[in-house]
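Trainee:
2 protein chains.
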Amino acid sequence: MARRRSYWAWGYEDRFPSAETRAELAERVGGALGLPGFGSARAQAPLPKLEAMRPLAEPRYTPPRELRGIGTTEPHARASHTYGRGYRDLVRGFRGEFDSAPDWVFYPTEEAHLSELFRFCEHESVALIPFGGGTGLVGGTEHLATGRFRGTACVDLTAMDRVLEVDSLSHAARIQAGASGPRIREQLHGYGLALRHYPQSFELSTLGGWIATRATGHYATLYTHIGDFVESVRMMTPAGSFETQRLPSSAAGLRPDALVLGSEGALGIITEAWVRLQRPPRWRASASVHFARFEDGVDAARMLSQSGLYPSNCRLLDPFETLLHQVANNGASVLLIAFESADHPVDAWMERALSIATDLGGQCDEPKYTIDVVNSIAPRALAMLESPPPSRPSPVDHDTHDAAHWKQAFLEAPYLQSALVSLGVVCDTFETACTWDRFAELHDAVTRAVGAAMNTACGSGLLSCRFTHVHADGPAPTYTFLAPGRPGDELSQWAAIKAAARDAVVAHGGGQHYQAVGRLYQPDYRKEISPLFASVLEAAKGRFDPRGILNPGCLLPSKP
Amino acid sequence: MARRRSYWAWGYEDRFPSAETRAELAERVGGALGLPGFGSARAQAPLPKLEAMRPLAEPRYTPPRELRGIGTTEPHARASHTYGRGYRDLVRGFRGEFDSAPDWVFYPTEEAHLSELFRFCEHESVALIPFGGGTGLVGGTEHLATGRFRGTACVDLTAMDRVLEVDSLSHAARIQAGASGPRIREQLHGYGLALRHYPQSFELSTLGGWIATRATGHYATLYTHIGDFVESVRMMTPAGSFETQRLPSSAAGLRPDALVLGSEGALGIITEAWVRLQRPPRWRASASVHFARFEDGVDAARMLSQSGLYPSNCRLLDPFETLLHQVANNGASVLLIAFESADHPVDAWMERALSIATDLGGQCDEPKYTIDVVNSIAPRALAMLESPPPSRPSPVDHDTHDAAHWKQAFLEAPYLQSALVSLGVVCDTFETACTWDRFAELHDAVTRAVGAAMNTACGSGLLSCRFTHVHADGPAPTYTFLAPGRPGDELSQWAAIKAAARDAVVAHGGGQHYQAVGRLYQPDYRKEISPLFASVLEAAKGRFDPRGILNPGCLLPSKP
Numbered sequence: 347m348a349r350r351r352s353y354w355a356w357g358y359e360d361r362f363p364s365a366e367t368r369a370e371l372a373e374r375v376g377g378a379l380g381l382p383g384f385g386s387a388r389a390q391a392p393l394p395k396l397e398a399m400r401p402l403a404e405p406r407y408t409p410p411r412e413l414r415g416i417g418t419t420e421p422h423a424r425a426s427h428t429y430g431r432g433y434r435d436l437v438r439g440f441r442g443e444f445d446s447a448p449d450w451v452f453y454p455t456e457e458a459h460l461s462e463l464f465r466f467c468e469h470e471s472v473a474l475i476p477f478g479g480g481t482g483l484v485g486g487t488e489h490l491a492t493g494r495f496r497g498t499a500c501v502d503l504t505a506m507d508r509v510l511e512v513d514s515l516s517h518a519a520r521i522q523a524g525a526s527g528p529r530i531r532e533q534l535h536g537y538g539l540a541l542r543h544y545p546q547s548f549e550l551s552t553l554g555g556w557i558a559t560r561a562t563g564h565y566a567t568l569y570t571h572i573g574d575f576v577e578s579v580r581m582m583t584p585a586g587s588f589e590t591q592r593l594p595s596s597a598a599g600l601r602p603d604a605l606v607l608g609s610e611g612a613l614g615i616i617t618e619a620w621v622r623l624q625r626p627p628r629w630r631a632s633a634s635v636h637f638a639r640f641e642d643g644v645d646a647a648r649m650l651s652q653s654g655l656y657p658s659n660c661r662l663l664d665p666f667e668t669l670l671h672q673v674a675n676n677g678a679s680v681l682l683i684a685f686e687s688a689d690h691p692v693d694a695w696m697e698r699a700l701s702i703a704t705d706l707g708g709q710c711d712e713p714k715y716t717i718d719v720v721n722s723i724a725p726r727a728l729a730m731l732e733s734p735p736p737s738r739p740s741p742v743d744h745d746t747h748d749a750a751h752w753k754q755a756f757l758e759a760p761y762l763q764s765a766l767v768s769l770g771v772v773c774d775t776f777e778t779a780c781t782w783d784r785f786a787e788l789h790d791a792v793t794r795a796v797g798a799a800m801n802t803a804c805g806s807g808l809l810s811c812r813f814t815h816v817h818a819d820g821p822a823p824t825y826t827f828l829a830p831g832r833p834g835d836e837l838s839q840w841a842a843i844k845a846a847a848r849d850a851v852v853a854h855g856g857g858q859h860y861q862a863v864g865r866l867y868q869p870d871y872r873k874e875i876s877p878l879f880a881s882v883l884e885a886a887k888g889r890f891d892p893r894g895i896l897n898p899g900c901l902l903p904s905k906p
Numbered sequence: 347m348a349r350r351r352s353y354w355a356w357g358y359e360d361r362f363p364s365a366e367t368r369a370e371l372a373e374r375v376g377g378a379l380g381l382p383g384f385g386s387a388r389a390q391a392p393l394p395k396l397e398a399m400r401p402l403a404e405p406r407y408t409p410p411r412e413l414r415g416i417g418t419t420e421p422h423a424r425a426s427h428t429y430g431r432g433y434r435d436l437v438r439g440f441r442g443e444f445d446s447a448p449d450w451v452f453y454p455t456e457e458a459h460l461s462e463l464f465r466f467c468e469h470e471s472v473a474l475i476p477f478g479g480g481t482g483l484v485g486g487t488e489h490l491a492t493g494r495f496r497g498t499a500c501v502d503l504t505a506m507d508r509v510l511e512v513d514s515l516s517h518a519a520r521i522q523a524g525a526s527g528p529r530i531r532e533q534l535h536g537y538g539l540a541l542r543h544y545p546q547s548f549e550l551s552t553l554g555g556w557i558a559t560r561a562t563g564h565y566a567t568l569y570t571h572i573g574d575f576v577e578s579v580r581m582m583t584p585a586g587s588f589e590t591q592r593l594p595s596s597a598a599g600l601r602p603d604a605l606v607l608g609s610e611g612a613l614g615i616i617t618e619a620w621v622r623l624q625r626p627p628r629w630r631a632s633a634s635v636h637f638a639r640f641e642d643g644v645d646a647a648r649m650l651s652q653s654g655l656y657p658s659n660c661r662l663l664d665p666f667e668t669l670l671h672q673v674a675n676n677g678a679s680v681l682l683i684a685f686e687s688a689d690h691p692v693d694a695w696m697e698r699a700l701s702i703a704t705d706l707g708g709q710c711d712e713p714k715y716t717i718d719v720v721n722s723i724a725p726r727a728l729a730m731l732e733s734p735p736p737s738r739p740s741p742v743d744h745d746t747h748d749a750a751h752w753k754q755a756f757l758e759a760p761y762l763q764s765a766l767v768s769l770g771v772v773c774d775t776f777e778t779a780c781t782w783d784r785f786a787e788l789h790d791a792v793t794r795a796v797g798a799a800m801n802t803a804c805g806s807g808l809l810s811c812r813f814t815h816v817h818a819d820g821p822a823p824t825y826t827f828l829a830p831g832r833p834g835d836e837l838s839q840w841a842a843i844k845a846a847a848r849d850a851v852v853a854h855g856g857g858q859h860y861q862a863v864g865r866l867y868q869p870d871y872r873k874e875i876s877p878l879f880a881s882v883l884e885a886a887k888g889r890f891d892p893r894g895i896l897n898p899g900c901l902l903p904s905k906p
């Protein structure tokens, strides 16, 4: 039997933290918040069950026979496709609020099914919401049948998950949009090639979702966004299909893929793409450098980003982040540095990087870094193919002690967030990108504004910061906050903290980096872009989706 | 007195090859074509003079006083702004065909002047053609006052050439669009930073022109396009200004700069941009590897492009290319490899690269590579500031014997092309990009089709190939052809060869790489992009430039 996804929480049901783990988590968080006992009662309470909930409303329309064959109204499918997996989604799901569940969920297996769906939805005024891994954080998946819509339909692309062609010479493959990270990995295994794009949602999210949201992966430098790997892309729209030419690079005129990358299901449905692959790394080096002062770690990250060494990992964790992820508990900030190559040993790279970091006051244990050499590609490729055991995902990368801890925590974090929601903790991340000259002020302003907002809304709270990516001209900091929720008030407490964070970020020149726009940031995006650009987006929407059935309200304001 | 640009040929008047050089060139080309004596009579003939030509037509309109103050109708200005510097342009200029000269040339010094110009041109139905360095190859600069236009105006941005702000921490600067390569270099000198974008037109072309045409630079990998250096950009349009947010990276929604990069003056006029800078290299290593078989050189370039070593130079020259540029004359193909860094010695990089190349049969003289270490930034920065002597531009990079020859030739090539035009040689370059799996067939087809077309149109001819950039998934080959012209027939001979080249490239999956779209490739671009994308481009044109005054016929078809 296929593993079942949780209808409300992150990921697979069998990966949801046990009552024991949740009790431990409650103890740790209560201790950190200075509220011993917080959440411990809730850790013992039974988790919500779909069967115990108020039944979902009857579907408001009946699709034609050919679409019924690829669709379902089964409650678990409808509930699990109601939301993405941002904090708001988790809280609403945990509470059993599924009034906006899609009437039907469709699983197309070919492009012709999409054309059928477009025709039906246009004719019957049904809003059509595309769905990949369902891991979005910004309200890109919402089924609001406002005014002009009779109902909503969710189109889940995960049955279109095949690798269609592999070009071993050019290191590229044509892949269907519904393929998840593991599905892509297993199909490419025999070719000795991999799409080395590892977002935190890797286990669940899909190629089409990555392209639609311009998702970032695990590389700290160079290949930070899925867009860096896309050669060409194909998208279906109600007005016809849209395909870009497969080329290594082009400098002729405006880039046509600019209307696909980041289109968030509002302009069309991505069906396949040619993507760039790499050979899996054979040489890897990994180090962790401790800094007594966070600012020195920031300087080291900046120097590394401007060094031309291009580390695959260059993640700076502040003291609370190191504590959260059990990397260190001595108040130090930790910079995780890694290099990898399929072609050559990376010692020269690592030695120079460590010399930069230690010149700025960083401390390393001996040996300063660990080396991992994979002598043959096959065993590693085989290892990559194995399913991760339920309780511990296989790390995607090489490891020092700190790095291993951090990576394990990185992949577990979304599961833990769901568990924290079940304990009544208000907990979320927000991220930004800014140029180096602005970071110190932005960080200070964010720390103060979010601290004040947590105190006002929740009485207390904790904030951590890490760099997920570093560019030569600036970092991409991600912040995580944890605060004690009041039962029933969590969403308004969360909204107050998020608003304070947003205002501080915008006031100090930060921009949105990796979480996409969705419905959550649609008004902010509107303010960031020029009115002239917004008018062209609207024109594109009008031409691709003249009836406005696709993901209404996401990316662009919904038409009444 | 400021150096004067040639009104018809490439670059500065004082750099135009002397009669002696042209005689030598005629001898070399005649020898290579097997037509001794070809062009030698023309090498002795006097060059055309503006004063001896039929006078330009009277301007067809009179601008208001405030615009007259920044404008001119002086014949040298009008003639030298009539064309870009593609082959067609050079032939028409050499022949003295300046019927389409702009009525006025304007030199704005501030954005308000552009607003004035937009208002005037819209009101008076004057076509407005933006002009940076005037070095375009694809007919982006043409002044055709068709039907609805009373006349044309050229807006030369080169008086807006200042570096406005430098952010030394983030390695970035805000620079006005009219700044040429040398103007940017000299203003950044004191900061120990440089915009390391060196197209072949570096001496003349401008930041705005680079962004408008998505120009490629000298880096063979990673930072191949100006777009890789652009943080944010500002563009004026008849409908208002358009500005993107200054960020190191963003993944939120569709990229607004996608409507500016590659807009070719048809959507607006770029006025300034924040661009990413680098410290000038302190360590450089340079090698040239000879291959008896071109195919082995192709394999080596591919392996290097997929190695993760990121050489700054990885240029493969075929035997005729090495002969043309006097790098070798033994029938070998030569791969020029270079690494550079401001941060660390690059020996480990070069040694691995040479091991890849020699494993594939490449031969290197001893010492296999040369190292160039600049111990202090200041002297080098000073050297960069010095104007190149008229007869020999300072090389932009590190040098082996072969590399030095090649680079000198690279920068001289456009001057030599003008000289070849004066000798009656039909000579041009065309370029493409394709994935590695398609290259062998494409190259074979291009070689045969262009060879046949040269034989038919000219009786004989020579074709060379080099890789200008290599991407992990494919190369960007550039072809140069030389054939004997018949006086008066050169343009139809050239057109027949270009058409054959284009058909062969398109039939084998090649795309446009660096020469932009202009008017020359506008119909091809139309075929490459999907009709849905074309309709959005038209919508953008309609919103940014509702009267259609900006560069009509460039990038998009001209409205009647």
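In order, the protein sequences belong to chains S and F.
Every letter in the first sequence is one number past the one before it in our numbering, and letter 543, counting from 1, is 889.
Every letter in the second sequence is one number past the one before it in our numbering, and letter 320, counting from 1, is 666.
Just so it is clear, CB atoms sit at the ideal spot from N, CA and C, and this is done for glycine as well.
Values in this document were obtained by computation on a predicted structure and should not be read as measured data.
Do aspartate 507 of chain S and glycine 524 of chain S have their beta-carbon atoms positioned less than 9 Å apart in this structure?
Mentor: Here residue 524 of chain S refers to the residue found at position 178 of the first sequence. Here residue 507 of chain S refers to the residue found at position 161 of the first sequence. Yes, Cβ-Cβ distance for glycine 524 of chain S and aspartate 507 of chain S is below 9 Å.
Trainee: Give the interface partners of glutamine 591 of chain F over in chain S, defined as CB-CB distance under 7 Å, in chain order.
Mentor: Position 245 of the second sequence, counting from 1, holds the residue named residue 591 of chain F. Simply Gly857, Glu874.
Trainee: Please state whether DSSP places tyrosine 544 of chain F in a helix, a strand or coil.
Mentor: Within the second sequence, the letter at position 198 stands for residue 544 of chain F. When DSSP states are grouped into helix, strand and coil, tyrosine 544 of chain F belongs to the coil group.
Trainee: Do you know offhand how far leucine 681 of chain S's Cα is from histidine 671 of chain S's?
Mentor: Residue 681 of chain S sits at position 335 when you count from the first residue of the first sequence. Residue 671 of chain S sits at position 325 when you count from the first residue of the first sequence. The alpha-carbon atoms of leucine 681 of chain S and histidine 671 of chain S are separated by roughly 13 Å.
Trainee: Is it the case that the Cβ atoms of threonine 814 of chain S and alanine 566 of chain S are separated by a distance below 9 Å?
Mentor: Indexing the first sequence from 1 puts residue 814 of chain S at position 468. Indexing the first sequence from 1 puts residue 566 of chain S at position 220. Against a cut-off of 9 Å, the Cβ pair of alanine 566 of chain S and threonine 814 of chain S comes out as a contact.
Trainee: Can you list, in chain order, the residues of its chain whose CB lies under 8 Å from that of serine 578 of chain S, leaving out five sequence neighbours each side?
Mentor: On the first sequence, position 232 is the one that residue 578 of chain S refers to. Excluding residues within five positions, the ones whose Cβ falls inside 8 Å are Glu589, Thr590, Gln591, Arg592, Leu593, Asp603, Ala619, Trp620.
Trainee: What residues in its chain sit with their C-beta under 8 Å from that of arginine 698 of chain F, if we drop five residues either side in the sequence?
Mentor: One-based indexing of the second sequence puts residue 698 of chain F at position 352. Same-chain partners within the cutoff: Ser653, Leu655.
Trainee: Can you find a CB in chain S that lies within less than 9 Å of the CB of histidine 571 of chain F?
Mentor: Here residue 571 of chain F refers to the residue found at position 225 of the second sequence. It does; some Cβ of chain S falls within 9 Å.
Trainee: Sorted by chain position, which residues of the same chain lie with C-beta nearer than 7 Å to arginine 465 of chain S's C-beta, five sequence neighbours on each side aside?
Mentor: Counted from its first residue, the first sequence places residue 465 of chain S at position 119. Answer for arginine 465 of chain S: no residue qualifies.
Trainee: In chain order, what are the residue ranges of uninterrupted beta strand (DSSP E) at least 3 long that sit wholly in the segment 395 to 444 of chain S?
Mentor: none
Trainee: Would you identify the three-state DSSP class for leucine 650 of chain F, choosing helix, strand or coil?
Mentor: By 1-based counting over the second sequence, the position of residue 650 of chain F is 304. Helix, per DSSP.
Trainee: Hey, could you find the ends of the alpha helix (DSSP H) threonine 668 of chain S is sitting in?
Mentor: The residue you call residue 668 of chain S lines up with position 322 of the first sequence. Run containing threonine 668 of chain S: 665 to 670, per the alpha helix (DSSP H) assignment.
Trainee: Provide the residue(s) that pair with valine 621 of chain F in DSSP beta bridges, ordered along the chain.
Mentor: Residue numbering aside, residue 621 of chain F sits at position 275 when the second sequence is read from its first letter. As a beta-bridge residue in DSSP terms, valine 621 of chain F pairs with F:Ala519, F:Val576.
Trainee: Can you list, in chain order, the residues of its chain whose CB lies under 7 Å from that of glycine 492 of chain F, leaving out five sequence neighbours each side?
Mentor: Along the second sequence, one-based indexing puts residue 492 of chain F at 146. The sequence as given places threonine at residue 492 of chain F; glycine does not occur at that position. Ser904.
Trainee: Leaving out five residues before and five after alanine 798 of chain S in sequence, what residues of the same chain have Cβ atoms less than 6 Å from its Cβ?
Mentor: If you number the first sequence from 1, residue 798 of chain S lands on position 452. For alanine 798 of chain S, where only same-chain residues beyond five positions count, there are no Cβ hits under 6 Å.
Trainee: Within 10 Å of its beta-carbon, does aspartate 449 of chain S have 16 or more other beta-carbons around it, so buried, or fewer, so exposed?
Mentor: Indexing the first sequence from 1 puts residue 449 of chain S at position 103. Buried, because 16 or more other Cβ atoms sit within 10 Å of the Cβ of aspartate 449 of chain S.
Trainee: In chain S, which residues lie less than 8 Å from arginine 622 of chain F when you measure between Cβ atoms?
Mentor: Residue mapping note: residue 622 of chain F aligns to position 276 of the second sequence, counting from 1. Those within 8 Å of arginine 622 of chain F in chain S are Ala818, Asp819.
Trainee: Give every residue of the same chain whose Cβ lies closer than 8 Å to the Cβ of glutamine 546 of chain F, excluding the five residues on either side of it in the sequence, and list them in chain order.
Mentor: Position 200 of the second sequence, counted from the first residue, corresponds to residue 546 of chain F. For glutamine 546 of chain F, where only same-chain residues beyond five positions count, the Cβ hits under 8 Å are Phe756, Leu757, Ala759, Pro760.
Trainee: Between F:Phe666, F:Val472, F:Ala372, F:Ala518, which lies nearest to arginine 622 of chain F when the distance is taken from Cα to Cα?
Mentor: Your numbering for residue 622 of chain F matches position 276 in the second sequence. Among F:Phe666, F:Val472, F:Ala372, F:Ala518, the Cα nearest to that of arginine 622 of chain F is on F:Ala518.
Trainee: Please report the residue range of the beta strand (DSSP E) in which glutamate 589 of chain F lies.
Mentor: Residue 589 of chain F sits at position 243 when you count from the first residue of the second sequence. Where glutamate 589 of chain F is concerned, the enclosing beta strand (DSSP E) stretches over 586 to 589.
Trainee: Report all residues from its chain with a CB closer than 6 Å to the CB of threonine 617 of chain S; omit the five preceding and five following residues, and keep chain order.
Mentor: Your numbering for residue 617 of chain S matches position 271 in the first sequence. If the five residues before and after threonine 617 of chain S are omitted, its C-beta is found closer than 6 Å to the C-beta atoms of Glu457, Ala523, Arg580, Met582, all from its own chain and listed in chain order.
Trainee: Would you call the segment 842 to 859 of chain F and the segment 473 to 482 of chain F in contact, with 3 or more CB pairs under 8 Å?
Mentor: no
Trainee: For a test of the three-state rule: what should DSSP assign to tryptophan 629 of chain F, helix, strand or coil?
Mentor: Position 283 of the second sequence, counted from the start, is the residue given in the question as residue 629 of chain F. Of the three classes helix, strand and coil, the one that applies to tryptophan 629 of chain F here is strand, per DSSP.
Trainee: Could you tell me which chain S residues have their CB closer than 7 Å to the CB of tyrosine 761 of chain F, listed as they occur along the chain?
Mentor: As a first step, residue 761 of chain F must be located in the second sequence, where it is residue number 415. What tyrosine 761 of chain F touches in chain S: nothing, since even the nearest Cβ is about 24 Å away.
Trainee: Output the distance between the C-alpha atoms of proline 741 of chain S and glutamine 754 of chain S, rounded to the nearest integer angstrom.
Mentor: Against the first sequence, residue 741 of chain S aligns to sequence position 395. Against the first sequence, residue 754 of chain S aligns to sequence position 408. Because proline 741 of chain S sits at a pLDDT of 36, beneath the cut-off of 50, its placement in the model cannot be relied upon, and the following sentence gives the value as read from the coordinates. When rounded, the distance between both Cα atoms is 6 Å.
Trainee: Suppose the cutoff is 7 Å on Cβ atoms and the five residues either side in sequence are ignored; what does the same chain contact list for glycine 383 of chain S look like?
Mentor: Mapped onto the first sequence, residue 383 of chain S falls at position 37. Answer for glycine 383 of chain S: Gly376, listed in chain order.
Trainee: Just by C-beta distance, which residues in the segment 513 to 527 of chain F are closer than 8 Å to chain S?
Mentor: Of all residues in the segment 513 to 527 of chain F, Asp513, Leu515, Ser516, His517, Ala518 have a Cβ within less than 8 Å of some Cβ in chain S.
Trainee: Start and end of the beta strand (DSSP E) containing cysteine 710 of chain F?
Mentor: Sequence index remark: in the second sequence, residue 710 of chain F carries index 364 (1-based). Careful: cysteine 710 of chain F lies outside any beta strand (DSSP E) and carries neither H nor E.
Trainee: Give the straight-line distance between the Cα atoms of leucine 550 of chain S and arginine 531 of chain S, rounded to the nearest whole angstrom.
Mentor: As a first step, residue 550 of chain S is located in the first sequence; it is residue number 204 there, counting from the start. As a first step, residue 531 of chain S is located in the first sequence; it is residue number 185 there, counting from the start. Roughly 12 Å between the two C-alpha positions.
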